[in-house]
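> Chains as they are written, first to last, in my numbering: chain A, 19 to 134; chain B, 19 to 134. All C-beta atoms in this analysis are idealised placements derived from N, C-alpha and C, irrespective of residue type, glycine included.
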């Protein structure tokens, strides 16, 4: 388990210290170091999946869990009423910069359209 | 099952005709009528969930399925290499305009950051 060359695997392993907004047996949540909104969280599965392309049918409950954890964190931070956006980038061309699947959760300002 | 006042429930029921890019027992995929990228699909569950806030733990496999179907469609349309972005808006302030949960899948151009 875990990939020493992967930034998020090192955060999961505790090799790189990070403050967790939430953690459970399947995922953890940190604040994006380059936030694009007043609230910008990353929901990161403990298991190393490179991207959404790497997720198999058996991973569907995990993927759904990541989304629901994102929803819970947004609500816990007081953004349930104003709303929030969850985003997954797959591939460098779509903006994926860490090749360990993660969900961005943004809230706290008007979110424009198109989404990037 | 189904809500006559819900646009997407009517598409699911066949009351409003639509061309399905994909369909299975849990969801269907249509093209967004106001596309924000060369490929812009909507993955819509057959079951009426108002938003991600409305999803329960039992819905986690469904949520994951929606993401994986989005990934499959993006790959089928030839965007596996260049990448794609999946987006869920929760709440009007985040851009949700139809209150039946759906996943946007965008590809075919450079996707900018922030995501809206």
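1. Report yes if the CB atom of residue 71(B) is closer than 7 angstroms to the CB atom of residue 89(A), and no otherwise.
2. Shorter than 7 angstroms from the beta carbon of residue 133(B) to some beta carbon of chain A?
3. Does residue 134(A) pass the burial test, meaning 16 or more other C-beta atoms within 10 Å, or should it be called exposed?
4. Leaving out five residues on either side along the sequence, give the residues of the same chain with a beta carbon under 8 angstroms from the beta carbon of residue 98(B).
5. Who are the neighbours of residue 78(B) on chain A, taking C-beta pairs under 7 angstroms?
6. Figure out for me which residue from 101(A), 118(A), 59(A), 128(A) has the closest Cα to the Cα of residue 69(B).
7. Taking Cβ positions only, does residue 103(A) come closer than 7 angstroms to chain B?
8. Three or more beta-carbon pairs under 8 angstroms between the stretch 113 to 133 of chain B and the stretch 31 to 43 of chain B, yes or no?
9. Could you say which of 51(B), 117(B), 35(B), 63(B) lies nearest to residue 24(B) if we only look at CA atoms?
10. Give the DSSP-derived three-state secondary structure of residue 79(B) in the structure shown.
11. Does the CB of residue 54(A) have a neighbour CB from chain B at under 7 angstroms?
12. Please decide whether residue 21(B) counts as near chain A, where near means a Cβ-Cβ distance under 7 angstroms.
13. Buried or exposed for residue 108(B), going by 16 or more other Cβ atoms inside 10 Å?
14. What are the start and end residues of each continuous beta strand (DSSP E) run of 3 or more residues lying completely inside the stretch 51 to 122 of chain A, in chain order?
15. Please state if the CB of residue 56(B) and the CB of residue 80(B) are separated by a distance shorter than 7 angstroms.
16. Return the chain-ordered list of same chain residues with a C-beta closer than 6 angstroms to the C-beta of residue 29(B), the five sequence neighbours on each side being excluded.
17. Count the other CB atoms within 10 Å of the CB of residue 112(B); is the residue buried (16 or more) or exposed (fewer)?
On the basis of the data shown:
1. Translated into the one-based positions of the second chain, residue 71(B) becomes position 53. Translated into the one-based positions of the first chain, residue 89(A) becomes position 71. Yes. Within cutoff.
2. Here residue 133(B) refers to the residue found at position 115 when the second chain is read from its first residue. Residue 133(B) has a beta carbon lying within less than 7 angstroms of a beta carbon in chain A.
3. Along the first chain, one-based indexing puts residue 134(A) at 116. Per the 10 Å Cβ criterion, buried.
4. Taking the first residue of the second chain as position 1, residue 98(B) is located at position 80. Taken in chain order, the residues that qualify are 92.
5. For this step, residue 78(B) is matched to residue 60 along the second chain. Per Cβ cutoff of 7 angstroms: 79, 82, 83, 86.
6. Within the second chain, numbered from 1, the residue matching residue 69(B) stands at position 51. Closest in alpha carbon position to residue 69(B), among 101(A), 118(A), 59(A), 128(A), is 101(A).
7. To locate residue 103(A), count along the first chain from 1; it is residue 85. Yes, because at least one Cβ of chain B sits closer than 7 angstroms to the Cβ of residue 103(A).
8. Taking 8 angstroms as the limit for Cβ pairs, the verdict is that the stretch 31 to 43 of chain B does not touch the stretch 113 to 133 of chain B.
9. If you number the second chain from 1, residue 24(B) lands on position 6. For the options 51(B), 117(B), 35(B), 63(B), the alpha carbon positioned closest to that of residue 24(B) is the one of 117(B).
10. Residue 79(B) sits at position 61 when you count from the first residue of the second chain. Helix at residue 79(B).
11. To locate residue 54(A), count along the first chain from 1; it is residue 36. Taking Cβ atoms only, chain B reaches closer than 7 angstroms to residue 54(A), which makes this a yes.
12. Translated into positions along the second chain, residue 21(B) becomes position 3. Not a single CB atom of chain A sits nearer than 7 angstroms to the CB of residue 21(B).
13. Taking the second chain and counting its residues from 1, one reaches residue 108(B) at position 90. Buried: at least 16 other Cβ atoms inside 10 Å.
14. Every beta strand (DSSP E) stretch that sits fully inside the stretch 51 to 122 of chain A and reaches 3 residues is listed by chain position as 57 to 63, 102 to 108.
15. Numbered from 1 along the second chain, position 62 holds the residue referred to as residue 80(B). Numbered from 1 along the second chain, position 38 holds the residue referred to as residue 56(B). In this structure, residue 80(B) keeps its C-beta atom at 7 angstroms or more from the C-beta atom of residue 56(B).
16. Counted from its first residue, the second chain places residue 29(B) at position 11. Listed in chain order, the non-local C-beta contacts of residue 29(B) below 6 angstroms within the same chain comprise 36, local neighbours out to five positions each way being set aside.
17. Taking the first residue of the second chain as position 1, residue 112(B) is located at position 94. Buried is the call here.
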